[in-house]
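Enquirer:
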Amino acid sequence: MQWGSLENFLEMGGYGFFVWSSYGMCVAIVVAELVMGRARRRRALAEVARESQLAAQRAVAAQGRS
Amino acid sequence: MNTVATRPASEGGGFSLFRYAAPHLFYPLAGKLVPLFAVLATVLAAIGLYMGFFVAPTDFQQGDSYRIIFIHVPTAWMAMFLYLVMAFWAAIGLAFNTRLSMIMAHSLAPTGALMAFIALWTGAFWGRPTWGTYWVWDARLTSTLILLFLYLGYIGLQAAIDDTRRADKASAVLALVGVVNVPIIYFSVQWWNTLHQGASVKPGGSTMATVMLTAMMIMVFAFWMYCIAIALYRARVLILEREKRAQWVAEMVAAGKA
Numbered sequence: 014m015q016w017g018s019l020e021n022f023l024e025m026g027g028y029g030f031f032v033w034s035s036y037g038m039c040v041a042i043v044v045a046e047l048v049m050g051r052a053r054r055r056r057a058l059a060e061v062a063r064e065s066q067l068a069a070q071r072a073v074a075a076q077g078r079s
Numbered sequence: 002m003n004t005v006a007t008r009p010a011s012e013g014g015g016f017s018l019f020r021y022a023a024p025h026l027f028y029p030l031a032g033k034l035v036p037l038f039a040v041l042a043t044v045l046a047a048i049g050l051y052m053g054f055f056v057a058p059t060d061f062q063q064g065d066s067y068r069i070i071f072i073h074v075p076t077a078w079m080a081m082f083l084y085l086v087m088a089f090w091a092a093i094g095l096a097f098n099t100r101l102s103m104i105m106a107h108s109l110a111p112t113g114a115l116m117a118f119i120a121l122w123t124g125a126f127w128g129r130p131t132w133g134t135y136w137v138w139d140a141r142l143t144s145t146l147i148l149l150f151l152y153l154g155y156i157g158l159q160a161a162i163d164d165t166r167r168a169d170k171a172s173a174v175l176a177l178v179g180v181v182n183v184p185i186i187y188f189s190v191q192w193w194n195t196l197h198q199g200a201s202v203k204p205g206g207s208t209m210a211t212v213m214l215t216a217m218m219i220m221v222f223a224f225w226m227y228c229i230a231i232a233l234y235r236a237r238v239l240i241l242e243r244e245k246r247a248q249w250v251a252e253m254v255a256a257g258k259a
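Keeping their order, the protein sequence lines are chains C and Y. Mapping of the first sequence onto our numbering: position 24 corresponds to residue 37, and the numbering continues sequentially without gaps. Mapping of the second sequence onto our numbering: position 242 corresponds to residue 243, and the numbering continues sequentially without gaps.
1) For Y/Thr195, tell me which candidate among Y/Gly128, Y/Ala46, Y/Ala120, Y/Met52 has the shortest Cα-Cα distance.
2) In angstroms with no decimal places, state the Cα-to-Cα distance between Y/Val5 and Y/Ala171.
3) Could you list which residues in chain Y have their beta carbon closer than 8 Å to that of C/Gln15, in chain order?
4) Leaving out five residues on either side along the sequence, give the residues of the same chain with a beta carbon under 7 Å from the beta carbon of Y/Ser201.
5) Which same chain residues end up closer than 7 Å to Y/Leu175 when comparing Cβ atoms and leaving out the 5 residues on each side of it in sequence?
6) Cα-Cα, which of Y/Ala247, Y/Glu242, Y/Ala256, Y/Ala251 is closest to C/Gly50?
7) Quick one: does Y/Phe38 have its CB under 8 Å from some CB of chain C?
8) For the region 214-247 of chain Y, enumerate the residues whose C-beta is nearer than 8 Å to any C-beta of chain C, in chain order.
9) Quick one: does Y/Trp249 have its CB under 8 Å from some CB of chain C?
10) Can you check whether the CB of Y/Met81 is closer than 8 Å to the CB of Y/Tyr152?
11) Tell me whether Y/Ser201 sits in a helix, a strand or coil according to DSSP, three-state version.
12) Using DSSP's beta-bridge definition, name the partner residues of Y/Asp207.
13) Measuring straight from C-alpha to C-alpha, what distance separates Y/Glu12 and C/Glu60?
14) Using a 10 Å radius around the Cβ and a threshold of 16 neighbouring Cβ atoms, would you call Y/Gly53 buried or exposed?
15) State yes or no: is the C-beta of Y/Ile231 within less than 8 Å of the C-beta of Y/Thr43?
16) Grab me the residues of Y/Ser108's own chain with a C-beta within less than 7 Å of its C-beta, minus the 5 sequence neighbours each way, in chain order.
17) I want to verify the contact list: residues of chain Y whose CB lies under 9 Å from the CB of C/Glu20, in sequence order.
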């Protein structure tokens, strides 16, 4: 292992700030994209369920009128 | 607004590739592919990062700052590549009026924008130690910033028009017009005398050390697989959103198979 210690690894030969700012942003964006994607999917599924509920209610109401 | 009609025009023979152009057939297929590409992306990223940080040596000129390359180049390539794929689907959507093509184009845009942003961000943090500045109005940097704006414009235009079909068409035209920017980015380092270095990887050879190049290419494939996984995932969500009144969607969600 070329780093020897965790400190050396985090230090990145004096470029730690630049290297970890880059990787940090990359990880943050990927995580945010995954979390937001999952949230959007949940909303979409809830919306589908709501739509079919509304459709069922409309069907019942239409039957009641006829 | 009729979204109930889901009978695929492709059903009943014909070329089998078009079969999956029907959302109700594409949806479960994409559902199987997402975990596959996600696993590939994770494994490749683990190998690539290990090689990049623990196998590849310190660069004799740039020290360890060069290790930003393992995310900078893959994201920059993906930003350009995804734009071409997005424009391709937009063109198919315009030509054949296929809903799924428009969904694919729409689903690639946010990921493309994020890739362009990461490329610019990591470029800034690489530029500071190597050029002494976070930003210059260099041809490569400026054209990549325009790429980010094209993605954002595409997303904004899509969101600004309420009618989905019209939004699809308008944003597809914008996507196609913006394609001209991709070769400008690619050739910018040759056409203009810029601060950004020329390509160290090009058809017919590379000027990079083998370990560094291998690690970088593994990261390119990792990002590629990630982009496929997230684009298919988002395409599924878009199908749910757009077909929320379709019977097959209602039945699938009710059965817990979505």
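Even for Gly, the Cβ is constructed at its ideal location relative to N, Cα and C.
Expert: Put simply:
1) Y/Gly128
2) Only weak support exists for where Y/Val5 lies, its pLDDT of 48 falling under 50; the value from the coordinates is given anyway. If you take the alpha carbons of Y/Val5 and Y/Ala171, they lie about 24 Å apart.
3) Phe55, Pro58, Thr59
4) Ser207, Thr208, Met209
5) Gly154, Tyr155, Leu158
6) Y/Glu242
7) no
8) Going along the region 214-247 of chain Y in chain order, one finds Tyr227, Ile231, Tyr234, Arg235, Arg237, Val238, Leu241, Glu242, Lys245, Arg246 with a Cβ nearer than 8 Å to chain C.
9) no
10) no
11) coil
12) Sequence check: residue 207 of chain Y is Ser here, not Asp. Answer by DSSP bridge pairing, in chain order: Y/Val202.
13) Note that Y/Glu12 scores 46 on pLDDT, short of 50, meaning its location in the model is unreliable; the coordinates nonetheless yield the value given after this. Distance between the alpha carbons of Y/Glu12 and C/Glu60: 28 Å.
14) buried
15) no
16) Ala232, Arg235, Ala236, Leu239
17) Correct list: empty, because the minimum Cβ distance to chain Y is about 14 Å.
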